[in-house]
Each structure stands twice: as C-alpha cells, then as structure tokens.
Amino acid sequence: MIGISHIDSEVRIEEGLRESGIEWKVVAPVLFMDNFPKRNGLMRSLALGFFRAVFGSRQLQLVSTGDIGYLAATMLSDPSTYFNRRLNLASDALSTSDIQAIYSRIFNQPVWSTWMPGFVLFLDLDAFRRQKKTRSPRLPVFRPPE
C-alpha cells in the first residue's frame, strides 16, 4: 500500500479478484481526456487552471473514455485472450500548456487558463461551510454515502 486511498483500494480489489478464483479482467486507465471541456469558456479556463495548480508543468498521461469503452468491449468479446489480465491504458502525455496550445490551434483563437493558487486545492470547504453556518449549494462538498 502506498497511502493514497483510491489507489490502495484498487490494489485491495485486484488482490481480492486474484484470490477469488473467478475469471477477471481489469482496465486501468489514466486521467480522462474528457475531464477537459470541449467548448470554449469559463469551465475550460477553470479546468486548465485546476490541472495546472495540481500538476504544474508535468506531463499528464491521458486517454479518452471512448478508447476505454473500445478496449473493454474488446476484452469482453475475446475472453480467452484477456483472461485474468490487467491492462494499463494510456495515450498522449501532455502538459497543461500543451493542452492549452492544442485548444488554441484547433479553435484558432486564444484559450485562457484561470490562475489558481495551489493552496486552494487543500482547503476544507465543508469546514468552511460549518464555520459560516451557511448551506450555500455553490460550495462543492463530497459526502460519503451512509
């Protein structure tokens, strides 16, 4: 285990599959290209700013959800080839600056990225809401199922 909850849970699930004795197949994709909005505007600027704040200038491995679906269908239609296998799936490796340049080239116009300070990523918005005693639906909060 490496201490990142969603990765550790994936490891436990895959260990359970191997130990179960049942036939299994796992597609392990990287970051989805579809996380970046196709239409120009504020949402794309925010997405680019968010990913730049998280990853800086590092290249991100990306894959489209359509490619994931194609691979999953292929694995299900040819079970003997993919019997008890995990396939890591990645495509392009691009920085947020690369992604921004591609958008600009495709749409033939400047594409802007919103600046976002890195510390924003670590704010506890739920605690902020409790402190302010507000129930504003504009503050995103993840609540695990009970």
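Quick note: the sequence shown uses the UniProt record's numbering, first residue 1, plus one each step. Beta carbons: idealized from backbone N, C-alpha and C, even for Gly.
Gln100 (DSSP reduced to helix, strand or coil): Gln100 falls in the helix class under three-state DSSP.
Tyr70 to Leu42 span [Cα, whole Å]: Those two C-alpha atoms are separated by around 31 Å.
Opening and closing residue of the alpha helix (DSSP H) in which Val11 lies: DSSP places Val11 inside the alpha helix (DSSP H), whose first and last residues are 5–20.
For Trp115, the nearest candidate out of Leu94, Ser104, Gly56, Phe107 (CA to CA): The shortest C-alpha separation from Trp115 is found at Gly56.
Rounded straight-line distance, which links the Cα of Tyr82 to that of Pro29: Looking at the two C-alpha atoms, the distance is approximately 16 Å.
As assigned by DSSP and simplified to three states, the class of Ala90: Three-state result, Ala90: coil.
Residue range of the unbroken alpha helix (DSSP H) whose run includes Val54: Taken as a continuous stretch (DSSP letters only), the alpha helix (DSSP H) holding Val54 covers 42–55.
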